[in-house]
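In the numbering used here, the protein residues as written are 11 to 80. Note that the Cβ used here is the ideal one computed from N, Cα and C, for glycine as well. Here is the structure we will look at, set down as structure tokens.
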């Protein structure tokens with residue numbers, strides 16, 4: 011089984027992102043969610059209570075981080 015990084019997300023009732031894990035410094039929570047969604051939505055799992063989680067390979071996470079800093 012390959013290693014995965016879990017990126018937890020919390021939403022407001024209107025769907026905006028309030029908190030998200032593994033976020034690079036200087037990137038808003040919503041922008042980081044949008045970035046992960048654009049390239050890794052296959053890895054997203056919605057949860058109850060305004061939460062969700064991305065399950066990403068470490069290399070995928072590194073790639074998203076690098077792209078968000080450019």
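(request) Could you spell out the range, first to last residue, of the alpha helix (DSSP H) harbouring residue 74? (result) Within the chain shown, the letter at position 64 stands for residue 74. Element bounds for residue 74: 68-79.
(message) Less than 8 Å between the beta carbons of residue 23 and residue 78, yes or no?
(response) In the chain shown, counting from the first residue as 1, residue 23 sits at position 13. In the chain shown, counting from the first residue as 1, residue 78 sits at position 68. Taking 8 Å as the Cβ cut-off, residue 23 and residue 78 do not qualify as a contacting pair.
(request) Hey, could you find the ends of the beta strand (DSSP E) residue 23 is sitting in? (result) Start at 1 with the first residue of the chain shown, and residue 23 comes out as number 13. Membership of residue 23 in any beta strand (DSSP E) is not indicated, and neither H nor E is assigned to it by DSSP.
(request) Determine the extent of the beta strand (DSSP E) in which residue 27 is found, giving its start and end residues. (result) Here residue 27 refers to the residue found at position 17 when the chain shown is read from its first residue. First-last of the beta strand (DSSP E) with residue 27: 27-30.
(request) Pick out whichever of 80, 74, 76, 70 has its Cα sitting closest to the Cα of residue 13. (result) Position 3 of the chain shown, counting from 1, holds the residue named residue 13. Comparing Cα-Cα distances from residue 13 to each of 80, 74, 76, 70, the minimum goes to 70.
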